[in-house]
Amino acid sequence: MSTATMTQSILDHSVTLDVEAIRAEFPILSRLVHGKPLVYLDNAATSQKPRAVLDAMERYYEHTNANVHRGVHTLSEEATGQYEGARAKVSSFIGACCPKEVIWTRNATEAINLVAYSWGRANLQRGDRILLTEMEHHANLVPWQILAAERGVELDFVPVADNGTLILDNLGKLLGPRTKLFAFSAMSNVLGTINPVRELTTAAHRQGALVLVDAAQAAPHIPVNVQELDIDFMVFSGHKMLGPTGSGVLWGRRELLNAMPPFMGGGDMIREVHLRESKWNELPWKFEAGTPAIAEAIGLGAAVDYLSDVGMEAIERAERDLTVYAMEQLADVDGLKILGPSAQQRGGLVSFVLGDVHPHDIAAVLDSLGIAIRAGHHCAQPIHERYHIPASARASFYLYNTRAEVDALVAGLRQVVEMFTF
Amino acid sequence: MDLYAEEILDHYKHPHHFGHLEEPSLVIQDRNPLCGDEIVLELRIDDGTITDVAFTGHGCAISRAAASMMSDDIIGKSLEELRGWKKEDITDLLGIEVGPVRIKCALLPLKALKSAVWGLADAESDT
Chain A
1492 MSTATMTQSI LDHSVTLDVE AIRAEFPILS RLVHGKPLVY LDNAATSQKP RAVLDAMERY
1552 YEHTNANVHR GVHTLSEEAT GQYEGARAKV SSFIGACCPK EVIWTRNATE AINLVAYSWG
1612 RANLQRGDRI LLTEMEHHAN LVPWQILAAE RGVELDFVPV ADNGTLILDN LGKLLGPRTK
1672 LFAFSAMSNV LGTINPVREL TTAAHRQGAL VLVDAAQAAP HIPVNVQELD IDFMVFSGHK
1732 MLGPTGSGVL WGRRELLNAM PPFMGGGDMI REVHLRESKW NELPWKFEAG TPAIAEAIGL
1792 GAAVDYLSDV GMEAIERAER DLTVYAMEQL ADVDGLKILG PSAQQRGGLV SFVLGDVHPH
1852 DIAAVLDSLG IAIRAGHHCA QPIHERYHIP ASARASFYLY NTRAEVDALV AGLRQVVEMF
1912 TF
Chain B
13 MDLYAEEILD HYKHPHHFGH LEEPSLVIQD RNPLCGDEIV LELRIDDGTI TDVAFTGHGC
73 AISRAAASMM SDDIIGKSLE ELRGWKKEDI TDLLGIEVGP VRIKCALLPL KALKSAVWGL
133 ADAESDT
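Protein chains in written order, with the working numbering: chain A, 1492 to 1913; chain B, 13 to 139.
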């Protein structure tokens, strides 16, 4: 069956995804781990890749491989067409006005660093403030800490309530006259909380602050439209949304991107170069120095095609169903405590602690059963400090996960309890 | 499963030397912030030999079992000998294969011990 027909058959069952048909398109899901079928529940770290993505990248290397924007030979023309075609796909996937607003980066982290180095250094003065939240991933903390130390910029934080949602009572005060940027996650990678992006954006704009949305967790799982959200910058990683590692995106409003100086200098980002000075290329290439990750961009293009064919609304709905089910089942495990809000306020991930059992021990026992989860602080140490825990265990879902896999997780956790109970 | 051999789980549930010494010669705290593992190691040292040991802290089963087994083993050993201890001395005690990710957990107690025996050497040479 071709991918198109396969996808059509998935669409026919769009009320509930045809998960078995979807699973059949992910080669890795048929492998065994320690002799047991793989139960992959670490999607918030990175997702698995469908055949369509693997094929697109293999086809590129076997048939097209050439550098982009340079040669006038056939391969280079084709490579450039596919590379820019992928940019156009991503642009419409996120509802951008036009592909020139889509900058390829290695990942969301690099995209935030790009904004911090380029926009931050050009626009922020001593005493200016950046507003973040307590639930940010290290990627949306550390670049701002570096900038703050270098430029004398102050950082403020929206606090997080015990239930894992942002406390917005004092948002008006936190967004002061010197706040130049409000950078926050659309969905927490630890709590699963989906933040009210529009509400936060309206409040920030009212105070004249720009908004950067970390959509590393949101873009793979819920429909995101940058124009409807009215935000200024958005970042995400391709590898968490069925694409390859090394593919990431900075989206920015073009007037902002146009006014920003380059992040890195080199080939492709210039219009003309002389020994002592250069002129920059136009968007988006101004921010893409050096030979880019061409196959990866093409792979991400195939990934967003796949996601669009299945339908982001359908994916969101299916993941919410699975999360509701998982939270009910997990709540029944002795000593298990779930972090974060109700299933209705979160995306498809559940972090938890289990009595005194260290998350590493939980993850290691589950691994012996073929179940992959994350254990540790998930690159978000401050939110763990907020809850006075050193680490947590996290199960995170995607469109190919099933209730049977949740059942396997829960059975595995009961085994953990049995093993580690005194 | 191999990592959680009976003996490891036994040391985890009933760690030896867990608690405090009345008059420790040396107290060392070490952490593995990435995992949240923490150990406080207390040593009684007489004439260059470990005569008693206790530890507290929290961590995974591997790090706690390693601390418990190491504590059993180092009593009666000289600081000189312990300065030569290597990662294999701990993995031999544990008797399991520890992969590249979990080895940090297994070695936290040794890391604390090492800073103790080398730190004391410095203190002695100062006097």
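Ideal placement from N, C-alpha and C gives every residue a C-beta, glycine not left out.
Item, Value
"What does the alpha-carbon distance come out to for the pair A1902 (chain A) and R1894 (chain A)?", "12 Å"
"Mapping the DSSP letters down to three states, classify E1645 (chain A) as helix, strand or coil.", "strand"
"Since G1743 (chain A) and F1727 (chain A) should fall inside the 8 Å C-beta cutoff, what is the C-beta to C-beta distance between them, to a whole number of angstroms?", "Rounded, the Cβ-Cβ distance is 13 Å, inconsistent with contact."
"Starting from the N-terminal side, write out each stretch of the beta strand (DSSP E) that is 3 residues or longer and does not extend beyond the region 1770-1847 of chain A.", "1827-1829, 1840-1845"
"I believe V1544 (chain A) touches P1783 (chain A) by the beta-carbon criterion, under 8 Å. Please report the beta-carbon distance rounded to the nearest angstrom.", "Actually they are not in contact, since the Cβ atoms of V1544 (chain A) and P1783 (chain A) sit about 17 Å apart, beyond 8 Å."
"Rounded to the nearest angstrom, what separates F1778 (chain A) and A1512 (chain A) at their Cα positions?", "39 Å"
"With the cut-off set at 8 Å, would you say G1667 (chain A) and R1620 (chain A) are in Cβ contact?", "yes"
"Per DSSP, which one or two residues make a beta bridge with G1867 (chain A)?", "A:S1883"
"For K25 (chain B), return the contacting residues in chain A, with the cut-off set at a CB-CB distance below 7 Å.", "F1913"
"Provide the residue span of the alpha helix (DSSP H) that contains S83 (chain B), from first to last.", "73-86"
"Who are I1594 (chain A)'s beta bridge partners in DSSP?", "A:L1741"
"List, in order along the chain, the chain B residues whose C-beta lies closer than 7 Å to that of D1825 (chain A)?", "By Cβ distance, chain B contributes nothing, its closest Cβ being about 16 Å from D1825 (chain A), past 7 Å."
"Would the beta-carbon of G1481 (chain A) fall within 8 Å of that of A1788 (chain A)?", "Nothing can be reported for residue 1481 (chain A), as the shown portion of chain A is limited to 1492 through 1913."
"Which residues, taken in chain order from the region 58-73 of chain B, show a beta carbon closer than 7 Å to some beta carbon of chain A?", "G71, C72, A73"
"Beta-carbon of L15 (chain B) versus every beta-carbon of chain A: anything under 8 Å?", "yes"
"Quick check: is the beta carbon of Q1499 (chain A) nearer than 8 Å to any beta carbon in chain B?", "Because Q1499 (chain A) sits at a pLDDT of 48, beneath the cut-off of 50, its placement in the model cannot be relied upon, and the following sentence gives the value as read from the coordinates. Chain B contact via Cβ: absent."
"The beta strand (DSSP E) spanning Q1708 (chain A) covers which residue range?", "That residue, Q1708 (chain A), is in no beta strand (DSSP E); it is neither H nor E in DSSP."
"Cβ of L1529 (chain A) within 8 Å of Cβ of S1887 (chain A)?", "no"
"Using 8 Å as the threshold, is the region 1681-1696 of chain A in touch with the region 1826-1843 of chain A, meaning 3 or more CB pairs across them?", "yes"
"So what's M1725 (chain A) in DSSP terms, helix, strand or just coil?", "strand"
"Roughly how far, in whole angstroms, is the beta-carbon of N1892 (chain A) from the beta-carbon of L1813 (chain A), given that I think they are within contact range, below 8 Å?", "6 Å"
"Quick check on P1881 (chain A) - is its C-beta less than 8 Å from some C-beta in chain B?", "yes"
"Apart from the five residues just before and just after A73 (chain B), which ones in its own chain have a Cβ nearer than 7 Å to its Cβ?", "Y16, I20, L21, Y24"
"Is it right to say T1596 (chain A) is buried, meaning 16 or more other beta carbons lie within 10 angstroms of its own, or is it exposed?", "buried"
"Suppose the cutoff is 7 Å on Cβ atoms and the five residues either side in sequence are ignored; what does the same chain contact list for E109 (chain B) look like?", "D14"
"Using the Cβ count rule (16 or more neighbours within 10 Å means buried), how would you classify Q1616 (chain A)?", "exposed"
"Roughly how many whole angstroms lie between the Cα atoms of L1701 (chain A) and L1662 (chain A)?", "15 Å"
"Between the alpha carbons of I1785 (chain A) and A1587 (chain A), how many angstroms are there, rounded?", "21 Å"
"For F1754 (chain A), which of A:E1763, A:E1627, A:L1774, A:S1738 has the nearest alpha-carbon?", "A:L1774"
"Leaving out the 5 sequence neighbours to the left and right, which residues in its chain are closer than 7 Å to M1732 (chain A) when beta-carbon positions are compared?", "S1538, A1710, P1711, A1794, L1798"
"Taking 8 Å as the CB-CB limit, is G107 (chain B) close to chain A?", "no"
"Please confirm if G48 (chain B) has its CB atom under 8 Å from at least one CB of chain A.", "yes"
"Rounded to whole angstroms, what's the CA-CA distance from D1847 (chain A) to Q41 (chain B)? Just pull it up for me.", "21 Å"
"Determine the extent of the beta strand (DSSP E) in which A66 (chain B) is found, giving its start and end residues.", "61-70"
"Starting from the C-beta of A1557 (chain A), find all residues in its chain whose C-beta is less than 6 Å away, skip the five residues before and the five after it, and write them out in chain order.", "L1566, S1567, A1570"
"Whose C-alpha, out of A:L1703, A:V1715, A:H1765, is nearest the C-alpha of L1747 (chain A)?", "A:L1703"
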